[in-house]
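Protein chains: 2
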Amino acid sequence: MGKKPLDLSPAELDVLRAMWDIGPATVRQVLDALTERGKDWAYTTVLTFMTRMEQKGLVRSDKTGMAYVYRATVTRNRVRKDRIKSLVEELYDGAAGPMVLQLLKSQQLNRDDIEALQKLIDELDDKAS
Amino acid sequence: MGKKPLDLSPAELDVLRAMWDIGPATVRQVLDALTERGKDWAYTTVLTFMTRMEQKGLVRSDKTGMAYVYRATVTRNRVRKDRIKSLVEELYDGAAGPMVLQLLKSQQLNRDDIEALQKLIDELDDKAS
DNA sequence: CGTAGGCTACTACATCTGTCGGAGGGTTGC
DNA sequence: GCAACCCTCCGACAGATGTAGTAGCCTACG
Chain A
0 MGKKPLDLSP
10 AELDVLRAMW
20 DIGPATVRQV
30 LDALTERGKD
40 WAYTTVLTFM
50 TRMEQKGLVR
60 SDKTGMAYVY
70 RATVTRNRVR
80 KDRIKSLVEE
90 LYDGAAGPMV
100 LQLLKSQQLN
110 RDDIEALQKL
120 IDELDDKAS
Chain Z
0 MGKKPLDLSP
10 AELDVLRAMW
20 DIGPATVRQV
30 LDALTERGKD
40 WAYTTVLTFM
50 TRMEQKGLVR
60 SDKTGMAYVY
70 RATVTRNRVR
80 KDRIKSLVEE
90 LYDGAAGPMV
100 LQLLKSQQLN
110 RDDIEALQKL
120 IDELDDKAS
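Those protein sequence lines, which keep their order, are chains A and Z.
Residue numbers for the first sequence follow numbering that gives the first Met the number 0, beginning at 0 and rising by one.
Residue numbers for the second sequence follow numbering that gives the first Met the number 0, beginning at 0 and rising by one.
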């Protein structure tokens with residue numbers, strides 16, 4: 000069951016982030032989305048990433064019209080979990096508790112966050128009883 | 000006061016982790032520590048990392064005896080914050096709240112963790128009032 | 001002293017990553 | 001039908017990373 004850890008370079012993550020937002024898209028559409036986000040890449044640069052990412056299985060493509068349409072095969076959530084997991088393992092010796100505490104201290108949460116959190120805590124608390 | 004983001008490769012992080020545990024050490028001592036942790040590196044490999052890391056300012060060295068003694072110049076906590084920050088920015092659009100929730104859900108916390116958490120929440124709650 | 005063993009310096013080299021440029025093939029508007 | 005585009009393929013190239021080997025210098029032991 001343990002999916003292998005994702006192999007995602009920083010630039011590839013940028014591409015994925017754009018794709019998660021815009022959905023299935025052609026290279027040009029991804030490029031445009033990236034350009035809007037301040038990345039100043041050449042068309043072929045994005046194309047290269049797409050190709051490499053397809054080899055890695057991070058995206059899938061099918062040619063339905065003029066151009067290939069790419070879609071991400073890994074979800075944002077998958078990447079989130081993956082990153083959190085390595086962070087906890089590598090820097091907190093696998094102990095999530097301390098990490099949560101640090102997160103809470105170093106980042107500012109708004110009232111809603113705190114409420115949601117409180118609710119979740121209560122649930123956890125029940126279950127742990 | 001925004002320190003620049005750390006430039007730390009995975010292998011360099013492994014080295015740092017060992018160094019945080021054993022404190023100031025020679026290349027050989029670091030190698031030994033790493034070997035114990037399952038890394039099967041050659042002496043010169045570690046030496047290379049040390050040299051590169053010194054250039055990057057991640058460690059500092061001084062020759063006090065036979066061999067150079069290296070010490071980390073970045074703390075574990077610094078790296079933790081750094082990683083958390085990019086994780087929140089890159090995968091949660093800067094919103095720490097949702098990340099905390101996911102962390103809580105996906106990792107299992109023990110009773111003590113929950114208690115500490117509850118306490119912190121209460122404090123935050125007060126402050127936010 | 002000479003030799004074995006530890007230390008650093010230098011060099012090397014395959015990969016991976018970030019960035020394209022150009023060639024070659026369809027499409028299309030004039 | 002041709003110039004202007006868009007698309008994909010292939011190749012390239014520099015810099016970062018992982019991983020060492022080798023050579024030369026010291027030193028400590030026998």
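Note that beta-carbon positions come from the ideal geometry of N, C-alpha and C, so glycine has one too.
The structure presented is a predicted model; accordingly, all values stated were derived computationally and were not measured.
Distance between Ser105 of chain Z and Val99 of chain Z, taken at the CA atoms: about 10 Å.
Between Leu5 of chain A and Val78 of chain A, the gap from beta carbon to beta carbon is short of 8 Å. Tyr69 of chain Z places its beta carbon less than 8 Å from that of Pro23 of chain Z. Close CB contacts of Glu11 of chain A within its chain, under the 7 Å cut and outside five residues either way in sequence, are with Phe48, Met52, Leu57 (chain order). In this structure, the straight-line span from the alpha carbon of Gln28 of chain A to that of Ala95 of chain Z is close to 29 Å. In the displayed model, Asp39 of chain Z falls within coil according to three-state DSSP, outside both helix and strand. Cα atoms of Val45 of chain A and Lys55 of chain A: separation of roughly 15 Å, rounded to the nearest angstrom. Residue contact check for Lys2 of chain A against chain Z: no CB pair falls below 8 Å.
Interface with chain Z (8 Å Cβ-Cβ cutoff): Leu33 of chain A is excluded. Val73 of chain A: not part of any alpha helix (DSSP H); DSSP gives it neither H nor E.
Within the region 53 to 77 of chain Z, contact with chain A at the beta-carbon level (separation under 9 Å) is assigned to Arg75, Asn76.
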